[in-house]
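Scroll down for the structure; my scribbles are underneath it.
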Amino acid sequence: MQKNLVIVESPAKAKTLKKFLGGNYKVKASVGHIRDLPKSSLGIDTDNNFEPKYITIRGKGPIVQELKNEAKKADRILLATDPDREGEAISWHLAHILGIDEDEPIRVEFNEITKDAVLKAVKKPRPINMDLVDAQQARRILDRLVGYKISPLLWRKIKKGLSAGRVQSVAVKLICDREKEIENFVPEEYWTIVALLEKDGTIFEANFYGIYENGEEKKVELSNRKEVDGILKSIDKDNFIIREVKKGNKKRNPYPPYTTSTLQQDASKKLGFTTKKTMMLAQQLYEGVDIEGEGTVGLITYMRTDSTRVSSEAIKLTKSFIEGKFGKDYSNGGKSYVNRSKKEAQDAHEGIRPTSVLRRPEDIKSSLTQDQFKLYQLIWNRFVASQMSHAKYETISVKIFSNNIIFRASGSKLVFDGFLKVYKAEEGNESEREMPSFQVEELVKVNKIEPNQHFTQPPARYTEASLVKTLEELGIGRPSTYAPIISTILSREYVNLANKSFVPTELGILVNDLLKEYFKNIINEKFTKELEDKLDEIAEGKYPWQLVIEEFYDQFKKELKVAEEEIDKIKIEDQVTDEVCEKCGKYMVIKHSRYGKFLACPGYPECKNTKPILDELGVPCPNCGGEIVRRKSKRGRIFYGCSNYPECNFVSWYEPIKEKCPNCNGIMIKKKSKKGIMIKCINKDCNYSRIDGK
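Just so you know, we're using numbering that gives the first Met the number 0 here: the sequence shown kicks off at 0 and counts up by one.
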């Protein structure tokens, strides 16, 4: 019996593969990277063609030894890490440590962890693709040069613990630029006029469009009350005449399967998931879940991709499923989506889809966690919808004249739901508006005419979804980098989340301004995109990685020298609060630690008084009468507890509100539900609850 050793990076993935491979295969996990650049030094020889110095990651010694022992016993070694540049690099490092020739057929690649896919892959191993490895090395070295050269500068000039990153700094710049746009925004007044009209008992809206003058229709923008009053005086309420009726048909096409970016955006908007949570759950679904009656199996294809391509086998199976469940009219015949990316290197694997469309979300719900089910259902619905026919609408548009004043009304009616049967998109949804039938030159009744004043609004702050979308549109970062970028800028306190939107902190603005002044390339969106494109060219074998690093570093070290010489020490003043130190009487200031913010006496070291910052809700504790405060668990989850903890152990995962229960006068909490915001009494003996709407 030939002994085969298969090495993957994840224990969960190893567990799944063991179920598919026979007894002559042993599957082991490296638990991620086993080699990396040292943390204690730059690890790059900038005078010797940027040669990296890799070392075994601290703590990985026992794993490396175990893999070496297993390798000695094996007749054949296969490296089955993830099908991307990162996975290729992990395989290359494993080959180096185990003394395997990288040119031998040792690399196994599959886009989904199913029995058929895995068994086919192990029969067709290939050599390690050094172009992909070099692209990953180049990214790692670029990021190390920026991080390890600029970060110490920030420590010396501003404060310890700060960091700069090649892509994260551009993300912070985008957020700071947007905040500046909002601050500098000057609202402009504009008006609309809506006529509530009635025909055959049906009330519909018509919007002011313009005026009919010299035989032509002229669109008019209303900017003040005087202009509005002029239009209103010209209107004859008893003389609203239908002058034009247009009927038509419109279709709405389904969306392509998810890419990493579109999945993160949809999961954020529809499920409220952070990018980090989305990728964690997607990794679990990809690596394998124990399904009742089936065993452990990967439920989705690889989740780090910017391709929308789908295999012909998946298209064929989905076409059959749709026709059997919904009828032939609901199938688009099996559509293969053209990848939007022009880069072949980014089309290495498929869009994100279920490994089998026959594994319906509702059928396996009991085997999944609640969040796994939500994400799997989102992916399943989107993919199935991508293979369904377009939705069809009947449309009607009407021009209505009152003297020479023109109003317009339009409506649409869904006549065939198509892909909307399984995938309800929020953006761009056709809103059905009931419209009566019309005849040209007939009169319609006026119920009301409403002039409305408006002011233009500033651009919205970035959310996780819109930031990911912008980074993708600008060509900055890649599928695997979006979640780490967001995690980093939050953990460094360069930005905060307020109502799920990013707001730059004073520190973030300070660091951003400094980088913009002295490192124009590092923080330039166009330059960062061009660098990403060069990394793609390295992956395609078109560009030597050392040359990319050299071109970057020659300019970078000049900027670094100027910054070192010109930047003076910047002192960030601590924020003073109105909290008085009970030991010495000074006003306490806000300090930062790795665990978050806290209050400290400015008289340190003479006075070492500190205390936590309590985020009070203004709601009394039902147990002891103390203040209920907002806290954060070790895992970062918000919960609510009494300020007198540990003496009082009141705790709630849901936010208590000031309003008292009308039944028992007890404390009430609010929680989200599918129908809206539920207000509920926490008293177990009281069953009061209500829905307040969304």
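For each residue, glycine too, the CB sits at the ideal point set by N, CA and C.
Owing to the predicted nature of the structure, the values given are computational and were not obtained by experimental measurement.
So, under 8 Å CB-CB, I537 and A137 are touching, yes? Tell me the CB distance rounded to an integer number of Å.
What you label residue 537 is simply residue 538 of the sequence shown in a count that begins at 1. What you label residue 137 is simply residue 138 of the sequence shown in a count that begins at 1. Yes, I537 and A137 are in contact; Cβ-Cβ is about 6 Å, under 8 Å.
What are the start and end residues of the beta strand (DSSP E) that includes W154?
As a working mapping, residue 154 is identified with position 155 in the sequence shown. W154 -> not in any beta strand (DSSP E); alpha helix (DSSP H) instead, spanning 129-156.
Comparing C-alpha positions only, which one of V166, E549, I351, N238 sits nearest to M278?
Working through the sequence shown from its first residue, we reach residue 278 at position 279. The shortest C-alpha separation from M278 is found at I351.
Can you tell me the Cα-Cα spacing of R177 and D305, whole angstroms?
Position 178 of the sequence shown holds residue 177. Position 306 of the sequence shown holds residue 305. Whole-angstrom Cα-Cα distance: 26 Å.
Are the CB atoms of I405 and Y189 within a distance shorter than 8 Å?
As a first step, residue 189 must be located in the sequence shown, where it is residue number 190. As a first step, residue 405 must be located in the sequence shown, where it is residue number 406. No, the Cβ-Cβ distance between Y189 and I405 is not below 8 Å.
Tell me which residues share the same chain as K693 and place their Cβ nearer than 6 Å to its Cβ, disregarding the 5 neighbours each side in the sequence.
Residue mapping note: residue 693 aligns to position 694 of the sequence shown, counting from 1. For K693, the predicted structure reports a pLDDT of 47, less than 50, and the residue's modelled location is therefore unreliable. A value from the coordinates is still provided. Correct list, in chain order: G675.
Which class does S490 belong to by DSSP, given the choice of helix, strand or coil?
Position 491 of the sequence shown, counted from the first residue, corresponds to residue 490. If DSSP states are grouped into helix, strand and coil, S490 belongs with the helices.
With a floor of 3 residues, list each beta strand (DSSP E) that falls wholly inside the stretch 236-268, ordered by position along the chain.
With a minimum length of 3 residues, the continuous beta strand (DSSP E) runs that stay inside the stretch 236-268 are 239-251.
Does the contact criterion of 3 or more C-beta pairs under 8 Å hold for the stretch 486-504 versus the stretch 38-48?
Verdict: no, contact absent.
Just how far apart, CA to CA, sit E103 and I76?
Walking along the sequence shown from the start, residue 103 turns up at place 104. Walking along the sequence shown from the start, residue 76 turns up at place 77. If I take the Cα positions, the gap works out to 10 Å.
Give every residue of the same chain whose Cβ lies closer than 8 Å to the Cβ of C663, excluding the five residues on either side of it in the sequence, and list them in chain order.
Looking up residue 663 in the sequence shown gives position 664. Cβ neighbours of C663 beyond the five flanking positions: C680, N682, D684, C685, Y687.
Looking only at C-alpha atoms, which of L280, V588, I149, K38 sits nearest to K560?
Sequence index remark: in the sequence shown, residue 560 carries index 561 (1-based). It is I149 whose Cα lies nearest to the Cα of K560.
Can you tell me which residues form a DSSP beta bridge with T368?
Position 369 of the sequence shown holds residue 368. According to DSSP, which records beta bridges pairwise, T368 is partnered with nothing at all.
Which runs of the beta strand (DSSP E) at least 3 residues long sit entirely within the stretch 286-344? Give them in chain order.
Qualifying beta strand (DSSP E) stretches, in chain order: 288-290, 294-296.
Helix, strand or coil for S396, going by three-state DSSP, please let me know.
Counting from one through the sequence shown, the residue named residue 396 turns up at place 397. Of the three classes helix, strand and coil, the one that applies to S396 here is strand, per DSSP.
What number of angstroms, rounded off, separates the C-alpha of G98 from the C-alpha of P478?
For this step, residue 98 is matched to residue 99 along the sequence shown. For this step, residue 478 is matched to residue 479 along the sequence shown. So the alpha carbons of these two residues sit roughly 31 Å apart.
Over the uninterrupted beta strand (DSSP E) stretch that includes F207, give me the two end residues.
Against the sequence shown, residue 207 aligns to sequence position 208. Element bounds for F207: 201-212.
So with Cβ pairs under 8 Å, would you call E182 a contact of chain C?
In the displayed structure, chain C is absent; only one protein chain is listed.
Does DSSP classify C175 as helix, strand or coil?
Counting from 1 along the sequence shown, the entry for residue 175 is found at position 176. Of the three classes helix, strand and coil, the one that applies to C175 here is helix, per DSSP.
Specify the secondary structure class of K275 as computed by DSSP and reduced to three states.
Looking up residue 275 in the sequence shown gives position 276. Here K275 sits in helix by DSSP.
Please report how far the alpha carbon of Y422 lies from the alpha carbon of G410, in whole angstroms.
In the sequence shown, the residue the question calls residue 422 occupies position 423. In the sequence shown, the residue the question calls residue 410 occupies position 411. When rounded, the distance between both Cα atoms is 22 Å.
Quickly, what does DSSP pair M434 with across the bridge? List them, please.
If you number the sequence shown from 1, residue 434 lands on position 435. Per DSSP, none; premise fails for M434.
How about the stretch 279-297 and the stretch 82-102: do they share at least three Cβ pairs that are nearer than 8 Å?
No, the stretch 279-297 does not touch the stretch 82-102.
Return the Cβ separation of F19 and V117 in integer angstroms, given the expectation that the two are a contact with Cβ distance under 8 Å.
Here the question's residue 19 lines up with position 20 in the sequence shown. Here the question's residue 117 lines up with position 118 in the sequence shown. Indeed they touch by this definition, with Cβ atoms about 5 Å apart.
Taking the alpha-carbon positions, what's the D362 to Q386 distance?
Numbered from its first residue, the sequence shown carries residue 362 at position 363. Numbered from its first residue, the sequence shown carries residue 386 at position 387. Distance between the alpha carbons of D362 and Q386 is about 21 Å.
For a test of the three-state rule: what should DSSP assign to I76, helix, strand or coil?
On the sequence shown, position 77 is the one that residue 76 refers to. DSSP places I76 in strand when its eight states are reduced to three.
According to DSSP, simplified to helix, strand and coil, what is T527?
Within the sequence shown, numbered from 1, the residue matching residue 527 stands at position 528. In this structure, T527 counts as helix in the three-state DSSP scheme.
What does a CB cutoff of less than 7 Å around S9 pick up in its chain, not counting 5 residues either side in sequence?
To locate residue 9, count along the sequence shown from 1; it is residue 10. Result list for S9: A28, E286, in chain order.
Would you mind stating whether P353 and F382 have Cβ atoms separated by less than 8 Å?
Position 354 of the sequence shown, counting from 1, holds the residue named residue 353. Position 383 of the sequence shown, counting from 1, holds the residue named residue 382. A contact, by the Cβ cut-off of 8 Å.
Let me know the secondary structure DSSP gives D691 once reduced to three states.
If you number the sequence shown from 1, residue 691 lands on position 692. Here D691 sits in coil by DSSP.
What are the complete alpha helix (DSSP H) segments, minimum 4 residues, inside the stretch 10-60?
Listed in chain order, they are 10-19.
Round the Cβ separation of N110 and T258 to the nearest angstrom and send it over; I've been treating them as touching at under 8 Å.
The sequence position of residue 110 within the sequence shown is 111, counting from 1. The sequence position of residue 258 within the sequence shown is 259, counting from 1. Incorrect: roughly 14 Å between the Cβ atoms, too far for contact.
Would you check if the distance between the CB atom of L16 and the CB atom of V5 is smaller than 8 Å?
Here residue 16 refers to the residue found at position 17 when the sequence shown is read from its first residue. Here residue 5 refers to the residue found at position 6 when the sequence shown is read from its first residue. Cβ distance < 8 Å, so L16 and V5 count as in contact.
If I112 and G297 are in contact, beta carbons under 8 Å, what's the gap, nearest whole angstrom?
Within the sequence shown, numbered from 1, the residue matching residue 112 stands at position 113. Within the sequence shown, numbered from 1, the residue matching residue 297 stands at position 298. Sure, about 3 Å apart at Cβ, within 8 Å.
Which residue from L616, V309, S310, G332 puts its Cα closest to that of S319?
Taking the sequence shown and counting its residues from 1, one reaches residue 319 at position 320. Considering only alpha carbons, the answer is G332.
Quick check on DSSP: helix, strand or coil for P645?
Residue 645 sits at position 646 when you count from the first residue of the sequence shown. P645 falls in the coil class under three-state DSSP.
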